[in-house]
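Each remark here refers to the structure printed beneath this line.
In the numbering used here, the protein residues as written are 117 to 276.
Rendered as structure tokens:
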């Protein structure tokens with residue numbers, strides 16, 4: 117499934133839609149070059165749960181936990197990860213086992229250690245906006261993408 121995000125507002129709104137569909141559970145892996153909007157998408161996901169603060173990429177801390185209205189969301193950025201085994205030392209196993217939503221940037225750096233994603237999102241620059249390509253890797257993720265497809269179709273029908 118591909119989605120065109122013409123500007124930052126659409127990008128954040130799309131993240132909110134994903135956050136709502138995920139209902140605070142699962143694993144969302146974000147791929148894309150530097151500057152393609154992985155953290156912007158994460159900001160939208162967090163907005164779905166009512167978080168209004170700044171969202172920065174946890175490039176140096178690797179994990180940024182958020183708790184909003186009893187909902188836990190973990191934002192991981194593995195860009196600076198030297199070895200996937202480092203995730204063990206920073207509590208990655210506990211984070212991924214938690215009944216929460218884990219949004220992971222640069223998941224390829226944790227290859228071989230990370231469990232499968234429910235949904236992969238690959239972001240690419242598309243003119244002034246972005247293009248998001250989504251793929252499910254689990255049955256739960258396939259269900260979420262089906263819901264997303266239905267929502268997008270309904271919105272398209274509402275347009276004049």
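All C-beta atoms, glycine included, are put in the ideal place defined by N, C-alpha and C.
As assigned by DSSP and simplified to three states, the class of residue i
i           : result
residue 248 : strand
residue 168 : coil
residue 198 : coil
residue 264 : helix
residue 256 : helix
Contact check, residue i vs residue j, beta carbons under 7 Å
i           : j           : result
residue 123 : residue 245 : yes
residue 146 : residue 154 : yes
residue 159 : residue 175 : no
residue 235 : residue 257 : yes
Host beta strand (DSSP E) of residue i (start-end)
i           : result
residue 188 : 187–193
residue 150 : From DSSP, residue 150 is part of no beta strand (DSSP E); its letter is neither H nor E.
residue 174 : It is not in any beta strand (DSSP E) - residue 174 carries neither H nor E in the DSSP assignment.
Bounding residues of the alpha helix (DSSP H) (the contiguous stretch that carries residue i)
i           : result
residue 217 : That residue, residue 217, is in no alpha helix (DSSP H); its beta strand (DSSP E) goes 217–221.
residue 208 : 208–213
residue 230 : No alpha helix (DSSP H) contains residue 230, which DSSP labels as neither H nor E.
residue 134 : 124–138
Residue environment, residue i, which counts as buried when at least 16 other CB atoms sit within 10 Å
i           : result
residue 232 : exposed
residue 156 : buried
Worksheet item: Counting pairs of Cβ atoms below 8 Å between the segment 218–225 and the segment 240–256, do you hit three or more?
Response: no
Worksheet item: Do the segment 132–140 and the segment 160–169 make contact, defined as three or more Cβ pairs closer than 8 Å?
Response: yes
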